[in-house]
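Numbering (UniProt numbering), first residue to last: 1 to 454. Using N, Cα and C, we set each Cβ at its ideal position, and we do this for glycine too. In this text, all values refer to a predicted model and were calculated from it rather than measured experimentally.
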Ligand code: GDP
Ligand code: IMO
Ligand code: MG
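Okay, here's the thing in structure tokens:
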């Protein structure tokens with residue numbers, strides 16, 4: 001009695017006492033889109049596809065370290081803090097409490113996209129009052145910490161220098177400042193802001209900050225932000241329990257960059273796996289519906305850290321150039337390698353994907369043969385788990401399956417039958433190996449270049 005076993009049919013039923021008990025109305029479910037590799041899988045494109053029908057599109061974690069590209073009618077938009085759904089004039093975009101917000105970055109992004117034709121975004125954006133703020137000095141500290149890592153350990157993380165690590169550190173050390181603080185008593189906010197600057201200056205004596213100038217700018221931003229701010233928890237509660245609504249959560253970064261499950265310490269500072277959707281929006285797990293994992297048909301990584309299937313050769317270069325693998329946020333070249341199914345399976349263990357979007361299949365069109373990493377070996381023996389220790393991960397030997405290339409242009413394919421049989425076999429193998437159905441296959445940048453399988 002009282003345990004939720006496999007069969008959930010009888011969960012939440014009132015005991016037979018004869019008394020009337022409130023019914024636990026589960027409400028609407030949210031659909032979550034998450035990166036299944038090291039980021040840049042094409043989440044923006046998948047969100048855009050779903051967002052055309054969404055009522056609300058939410059960001060729940062990360063900050064403007066993310067770079068999500070959306071191509072509509074030949075126009076390319078890149079979003080960093082704004083949910084990619086902001087493009088849809090009929091949907092509301094929400095930045096949840098789990099996101100860290102750099103206000104100058106947010107408004108700069110909005111204004112830049114406005115020039116490209118994005119209209120009325122400020123009226124469609126809701127910002128949680130519990131979201132933490134990233135200040136300019138957090139970004140400077142991000143750079144100083146990278147320099148320090150380089151000097152101490154001979155290597156840095158290769159962060160985006162957007163202040164993400166320092167801002168989440170302030171949050172965790174309980175000295176951070178939130179949107180609600182900025183909109184509250186400004187005198188009190190100013191005192192706490194000055195204390196925070198001083199704290200960082202005592203750690204980094206070279207850090208300079210024109211505090212009065214910063215506060216003046218923040219006060220201006222506060223007034224521009226004020227109309228967008230809501231209690232995020234209550235907003236989501238109403239959205240979940242009102243009339244039927246299509247709610248989408250756009251994950252930023254990715255499973256292997258997750259602070260708990262990623263390739264620590266070469267990770268970002270938030271939970272980019274499914275739990276982040278609950279904590280970053282203040283919604284119950286029972287309201288999580290579909291969880292779509294996005295994976296490229298090969299693997300890329302920006303920044304430093306182990307990458308078992310990396311190809312430091314002509315194959316890697318071909319993937320980099322054909323795939324235009326350049327970071328949206330930092331302009332750095334992305335490292336490239338074969339699809340690593342060990343990491344995608346690991347991402348599935350954590351996220352419980354209901355389906356997968358496999359993107360950028362078209363990039364593989366010219367290859368004679370294609371390899372897929374299917375297992376890791378340590379000292380000649382297969383290991384069933386994904387190693388936590390980076391020294392161990394650096395040492396694994398990857399076991400590959402090799403497939404013949406289809407050597408056919410797939411970019412015009414719009415349905416399953418348009419794909420060459422060899423490409424179909426490649427996709428079916430991936431699906432069976434992960435044990436999750438592939439719902440979409442991407443064959444190009446724009447909205448229509450997505451084959452829907454079911
Ligand atoms: P995100 O961070 O996961 O949203 O992904 P990014 O936008 O950083 O990187 C993905 C890149 O691949 C973008 O330039 C997209 O326009 C592009 N892209 C997405 N899907 C496809 C696809 O199926 N084929 C091709 N050729 N490009 C794609
Ligand atoms: P999207 O949402 C790819 C990487 C950085 C660095 C590490 C830590 O576009 O997929 P941070 O600035 O977060 O402290 O950097 O994480 N990184 C990403 N790489 N795509 C991203 O986001 C990333 N967000 C962070 O390159 O290695
Ligand atoms: Mg990206």
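Pair within 9 Å by beta-carbon distance, residue 258 and residue 29: Position 258 of the chain shown, counted from the start, is the residue given in the question as residue 258. Position 29 of the chain shown, counted from the start, is the residue given in the question as residue 29. Going by C-beta atoms, residue 258 is not nearer than 9 Å to residue 29.
Residue nearest to residue 424 in terms of C-alpha spacing, selected from 54, 123 and 406: The residue labelled residue 424 in the question sits at position 424 within the chain shown. Ranking the options by Cα distance to residue 424, first place goes to 406.
Residue 328 versus residue 6 - alpha carbon distance: Locating residue 328 in the chain shown gives position 328, where the first residue counts as 1. Locating residue 6 in the chain shown gives position 6, where the first residue counts as 1. So the alpha carbons of these two residues sit roughly 43 Å apart.
Residue 444 beta carbon near the ligand GDP (any heavy atom closer than 8 Å): Translated into the one-based positions of the chain shown, residue 444 becomes position 444. It does: the Cβ of residue 444 is within 8 Å (strictly closer) of some heavy atom of the ligand GDP.
beta-carbon residue 328 near the ligand MG non-hydrogen atom, thresh 8 Å: To locate residue 328, count along the chain shown from 1; it is residue 328. Within the cutoff, so yes.
Residue environment, residue 219, which counts as buried when at least 16 other CB atoms sit within 10 Å: Reading the chain shown from its first residue, position 219 is the one you call residue 219. Its Cβ having fewer than 16 others within 10 Å, residue 219 is exposed.
Residue 79, enclosing beta strand (DSSP E) - first and last residue: For this step, residue 79 is matched to residue 79 along the chain shown. Start and end: 75–79.
Inter-stretch contact at 8 Å, needing at least 3 Cβ pairs: the stretch 319–334 / the stretch 368–382: no
Limits of the unbroken beta strand (DSSP E) element including residue 404: Sequence index remark: in the chain shown, residue 404 carries index 404 (1-based). Here the beta strand (DSSP E) through residue 404 covers 397–404.
Any non-hydrogen atom of the ligand IMO within 8 Å of residue 147 CB: Walking along the chain shown from the start, residue 147 turns up at place 147. The answer is no for residue 147.
3 or more residues per run - each beta strand (DSSP E) lying fully within the stretch 267–311: 288–296 and 299–301
Proximal residues to residue 253 (C-beta, below 8 Å), its chain only, five neighbours per side dropped: Along the chain shown, one-based indexing puts residue 253 at 253. Taken in chain order, the residues that qualify are 35, 39, 61, 62, 65, 66, 268, 270 and 272.
Whole-angstrom distance between residue 99 and residue 129, CA atom to CA atom: Counting from 1 along the chain shown, the entry for residue 129 is found at position 129. Counting from 1 along the chain shown, the entry for residue 99 is found at position 99. Answer to the nearest angstrom: the Cα atoms are 11 Å apart.
Three-state secondary structure assigned by DSSP to residue 139: By 1-based counting over the chain shown, the position of residue 139 is 139. Residue state, collapsed to three classes: helix.
Shell residues, 5 Å Cβ cut-off relative to heavy atoms of the ligand IMO: 39, 40, 65, 66, 67, 158, 159, 160, 164, 165, 252, 253, 257, 268, 302 and 303
Where residue 37 falls, given that 16 or more other Cβ within 10 Å makes a residue buried: By 1-based counting over the chain shown, the position of residue 37 is 37. It is buried - the Cβ of residue 37 has at least 16 other Cβ atoms within 10 Å.
Residue 44 beta carbon near the ligand MG (any heavy atom closer than 8 Å): Position 44 of the chain shown, counting from 1, holds the residue named residue 44. Within the cutoff, so yes.
DSSP three-state assignment for residue 212, whether helix, strand or coil: Stepping through the chain shown from its first residue, residue 212 is reached at position 212. The answer is helix: DSSP assigns residue 212 an H, G or I state.
Residue 232 beta carbon less than 9 Å from that of residue 281: Sequence index remark: in the chain shown, residue 281 carries index 281 (1-based). Sequence index remark: in the chain shown, residue 232 carries index 232 (1-based). For residue 281 and residue 232, yes; Cβs fall inside 9 Å.
From 427, 92 and 439, residue whose alpha carbon lies closest to that of residue 51: Indexing the chain shown from 1 puts residue 51 at position 51. For residue 51, the nearest C-alpha among the options comes from 92.
Given residue 86 as reference, the closest of 229, 155, 56 and 102 once Cα atoms are compared: Against the chain shown, residue 86 aligns to sequence position 86. The shortest Cα separation from residue 86 among 229, 155, 56 and 102 belongs to 56.
Distance between beta carbons of residue 338 and residue 296, contact taken as under 8 Å: Within the chain shown, numbered from 1, the residue matching residue 296 stands at position 296. Within the chain shown, numbered from 1, the residue matching residue 338 stands at position 338. Their Cβ separation, rounded to whole angstroms, is 11 Å, which puts residue 296 and residue 338 out of contact at 8 Å.
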